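The opening residue of the sequence shown carries number 1 in the UniProt record's numbering; numbering runs sequentially from there.
Ideal Cβ placement from N, Cα and C applies to all residues, glycine included.
In this text, all values refer to a predicted model and were calculated from it rather than measured experimentally.
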Amino acid sequence: MPGQQKRKRSRERAHRRAAAVPGHWEPLFSTQEQTELKEYVRRLAAERGISPECVRIDQFCGRLTHPTSYRVSVFVPEGSA
1 MPGQQKRKRS RERAHRRAAA VPGHWEPLFS TQEQTELKEY VRRLAAERGI SPECVRIDQF
61 CGRLTHPTSY RVSVFVPEGS A
């Protein structure tokens, strides 16, 4: 499947990050529009200065009754407020 290797590397990077620092992924934003997703991630990086290693984008594949949706989560280390 196209893009499978890229997704696998992305998941491995996220797992290494989670294993190195205790914490959790906090969902921030969800949409069905890819352009909306890109704009939100750009604003997130510009306004909050969040590094790409701390951002996770999940894509939920759609079917006829459920359209494809995207969710942006940020890694929150344990002990941070």
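Would residue i pass as a contact of residue j if the rule is Cβ separation under 8 Å?
{"i": "TYR40", "j": "ASP58", "result": "no"}
{"i": "CYS54", "j": "VAL74", "result": "yes"}
{"i": "GLN32", "j": "THR65", "result": "no"}
What residues in its chain sit with their C-beta under 8 Å from that of residue i, if we drop five residues either side in the sequence?
{"i": "PRO52", "result": "ALA45"}
{"i": "VAL76", "result": "GLY23, HIS24, TRP25, GLU26"}
{"i": "GLY34", "result": "For the record, residue 34 in the displayed sequence is Gln; it is not Gly. Cβ neighbours of GLN34 beyond the five flanking positions: TYR70."}
Based on DSSP bridge pairs, tell me the residues matched to residue i.
{"i": "HIS24", "result": "VAL76"}
{"i": "SER51", "result": "DSSP output for SER51 lists no bridge partner at all."}
Need the endpoints of the beta strand (DSSP E) that residue i sits in, please.
{"i": "ARG63", "result": "Looking at the DSSP string, ARG63 is not in any beta strand (DSSP E), and its letter there is neither H nor E."}
Please list the terminal residues of the continuous alpha helix (DSSP H) segment that includes residue i.
{"i": "GLN34", "result": "34-48"}
Ignore the nearest five residues each way along the sequence and tell me which others in residue i's own chain have a CB closer than 7 Å to its CB.
{"i": "LEU28", "result": "VAL72, SER73, VAL74"}
Tell me which residues share the same chain as residue i and place their Cβ nearer than 6 Å to its Cβ, disregarding the 5 neighbours each side in the sequence.
{"i": "PHE60", "result": "SER69"}
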